[in-house]
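Quick note on numbering: the sequence shown equals residues 15 to 431 in our numbering. Where is the CB? At the ideal position from N, CA and C, for every residue including glycine.
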Amino acid sequence: MATSQLAPGAVDGEAHPAFAPVVSYFGRLFGPESKGGGALSVRLHGRPVVDVWAGFADRRAERPWERDSVTICFSTTKGVASTVIHRLADRGLLDYDAHVADYWPEFGAAGKRYITVRRLMSHQAGLHDVTDLVKSPEDLLDHIALEDKLAARAPDPWPGHPGYHAFTYGWLVAGLARRVTGLGMRELVRRELAEPLVTDGLSIGMPADGLRRFVPPVGSTPPVRPAPRLFTAATRRSVPVLRKVGLSRRFLEALYVPDLEKVLAGPSPSILDTEMPAVNGTFSAHALAKVYAIIANGGELEGVRFLSPPTLEAMGEIQTRARDAVIGMPMHWRLGYHRAGALRHRGEGAFGHYGFGGSGGWADPETGLSFGFVTNELRLVQAPVGGDQRIFRLSGMVLRLGRELRAGRGRLDAGTG
15 MATSQLAPGA
25 VDGEAHPAFA
35 PVVSYFGRLF
45 GPESKGGGAL
55 SVRLHGRPVV
65 DVWAGFADRR
75 AERPWERDSV
85 TICFSTTKGV
95 ASTVIHRLAD
105 RGLLDYDAHV
115 ADYWPEFGAA
125 GKRYITVRRL
135 MSHQAGLHDV
145 TDLVKSPEDL
155 LDHIALEDKL
165 AARAPDPWPG
175 HPGYHAFTYG
185 WLVAGLARRV
195 TGLGMRELVR
205 RELAEPLVTD
215 GLSIGMPADG
225 LRRFVPPVGS
235 TPPVRPAPRL
245 FTAATRRSVP
255 VLRKVGLSRR
265 FLEALYVPDL
275 EKVLAGPSPS
285 ILDTEMPAVN
295 GTFSAHALAK
305 VYAIIANGGE
315 LEGVRFLSPP
325 TLEAMGEIQT
335 RARDAVIGMP
345 MHWRLGYHRA
355 GALRHRGEGA
365 FGHYGFGGSG
375 GWADPETGLS
385 FGFVTNELRL
395 VQAPVGGDQR
405 IFRLSGMVLR
415 LGRELRAGRG
425 RLDAGTG
């Protein structure tokens with residue numbers, strides 16, 4: 015990577031000079047008032063152009079964030095789990111238009127016989143509600159039981175309309191993959207992505223090497239309560255994200271888990287001991303950028319073919335532009351991904367998945383860009399899938415620079431890579 019030297023003590027790592035504005039903004043995110051840290055990684059045509067990190071990995075601000083630090087990335091996990099499903103489909107183990115019950119017979123119960131893999135992966139299966147599945151945070155820790163409960167329950171009576179499956183998506187795709195392969199999603203992420211990508215920054219739950227690189231969350235857990243005063247009309251008017259999201263019964267059904275903070279607390283939170291492929295991925299930024307580089311780079315990375323052109327085409331196809339009944343705005347759902355929201359950028363081509371806490375990853379096949387951002391510094395008011403202003407601004411800056419480079423208004427040296 016052609017690099018510029020970065021200011022010591024503020025941001026560590028390296029970046030191509032063309033992306034200096036991105037690095038400058040990233041550094042400001044983790045200044046003296048920050049309580050946490052994070053990392054940003056960007057690849058162009060599979061080659062790293064930004065790989066930086068800043069801030070701290072502990073509450074006492076004694077342990078610095080490192081390149082290989084990993085943290086819980088919440089809904090960003092859905093994009094990684096979805097990429098595993100596409101790897102299976104690419105090998106002919108799954109068909110997007112087949113019925114889920116063809117692979118998982120128990121799933122056909124209670125009127126779900128004709129729900130397809132395509133509908134499941136685009137949040138149109140009508141199984142968003144977590145309130146009748148989880149009565150306490152401890153219920154989240156038995157992922158096999160939750161797969162079975164979802165297989166047995168009836169869908170909502172509004173089939174075909176998108177409604178964000180905030181928690182349930184992970185158990186649904188994991189249950190599907192388990193019936194096809196006999197393996198859980200933790201093992202599949204390791205085999206299908208982490209090992210062939212040669213990265214130790216992708217895990218479901220506990221990282222493979224334990225807590226050595228793990229950074230616990232700092233800040234507030236998702237602000238979802240039965241009677242959430244945070245979501246008053248005045249708050250929605252004053253907070254741009256909430257003006258779009260709003261609050262509905264379905265929002266609470268999809269996102270409210272009593273005392274969720276209990277499984278997220280401490281240096282070794284119990285949420286790491288289960289498989290929640292919609293929530294508890296522990297990722298590094300450069301690992302996320304590698305995953306999405308597969309999609310941005312024609313299905314191939316560093317000489318390894320991961321996905322075929324027909325599968326890539328299917329992954330990028332928008333399945334629904336309808337207003338999501340849970341989130342309250344159109345998400346432009348693909349097969350497991352949403353449009354990559356970005357400030358001052360309205361392109362349709364970039365897609366991936368963001369998560370509570372501000373992490374996220376995406377690919378833009380048009381420019382060849384891939385992006386990964388992780389942070390342990392949770393912010394109180396933000397969309398449960400849309401991250402926060404940090405990732406929207408970073409994404410917008412990266413996409414704008416990528417468009418300028420593609421249009422010839424900027425350039426990378428030939429030796430970059």
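Straight-line CA distance for residue i to residue j?
| i | j | result |
| --- | --- | --- |
| R73 | R414 | 34 Å |
| P324 | A124 | 33 Å |
| E275 | P151 | 8 Å |
| A328 | A75 | 44 Å |
| G51 | R77 | 10 Å |
| H30 | G371 | 27 Å |
| V37 | G386 | 13 Å |
| H175 | V25 | 44 Å |
| L326 | A310 | 9 Å |
| K49 | P231 | 10 Å |
| L392 | N294 | 15 Å |
| D153 | R264 | 20 Å |
| G312 | K149 | 43 Å |
Return the Cβ separation of residue i and residue j in integer angstroms, given the expectation that the two are a contact with Cβ distance under 8 Å.
| i | j | result |
| --- | --- | --- |
| A115 | G122 | 3 Å |
| D111 | R127 | Contact doesn't hold; Cβ gap of about 15 Å is too wide. |
| E201 | R101 | Going by Cβ atoms, the distance from E201 to R101 rounds to 13 Å, so no, they are not a contact pair. |
| L225 | W118 | With a Cβ gap of about 34 Å, L225 and W118 do not count as contacting. |
| V212 | N390 | That pair is no contact at about 24 Å. |
| S298 | D82 | 6 Å |
Who are the near neighbours of residue i in its chain, counting only those whose CB is closer than 6 Å to its CB and skipping five residues on each side?
| i | result |
| --- | --- |
| V187 | A95 and I99 |
| M10 | Here the chain covers residues 15 to 431 and nothing more, so residue 10 does not appear. |
| G369 | C87, F88, S89 and T90 |
| R57 | A303, A307 and S384 |
| R420 | T381 |
| G27 | D65, V66 and W67 |
| A301 | T213, G215 and L216 |
| D273 | P151 |
| F320 | I308 and G313 |
Looking only at DSSP bridge pairs, what is residue i linked to?
| i | result |
| --- | --- |
| L58 | R61 and L383 |
| T145 | Bridge partners of T145: none, in fact. |
| W67 | D26 and A53 |
| P368 | Correcting the residue type first, residue 368 is Tyr in the shown sequence and not Pro. Its beta-bridge partners are G374. |
| F297 | T85 and L216 |
| F228 | V84 |
| H352 | G366 |
| E314 | R319 |
| H113 | T130 |
| E391 | V232 |
| G337 | In the sequence on display, residue 337 carries Arg and not Gly. R337 is bridged to P344. |
For residue i, which residues from the same chain have a beta carbon less than 8 Å from its beta carbon, with the 5 sequence-adjacent residues on both sides left out?
| i | result |
| --- | --- |
| D146 | R167 |
| V144 | A180, F181, T182, E267, A268, L269, Y270 and V271 |
| D170 | G140, L141, H142, D143 and G177 |
| R204 | L216, S217 and A222 |
Going along the chain, which residues of its own chain have a beta-carbon closer than 7 Å to the beta-carbon of residue i, five neighbours each way excluded?
| i | result |
| --- | --- |
| G366 | G93, Y306, Y351, A354, G374, G375, W376 and A377 |
| R417 | T381 |
| A165 | W118, E120, F121, A123 and G189 |
| L54 | F40, V64, V66, A299, F387 and L408 |
| F44 | G51, G52, A68 and G69 |
Any idea if residue i is buried or exposed, counting beta-carbon neighbours within 10 angstroms, 16 or more meaning buried?
| i | result |
| --- | --- |
| A356 | buried |
| A292 | buried |
| A222 | exposed |
| D436 | Within the shown structure, residues of the chain are numbered from 15 to 431, placing residue 436 beyond reach of any answer. |
| E47 | exposed |
| P281 | exposed |
| A159 | exposed |
| V318 | exposed |
| E316 | exposed |
| D289 | Note that residue 289 corresponds to Glu in the displayed sequence, not to Asp. Buried, because 16 or more other Cβ atoms sit within 10 Å of the Cβ of E289. |
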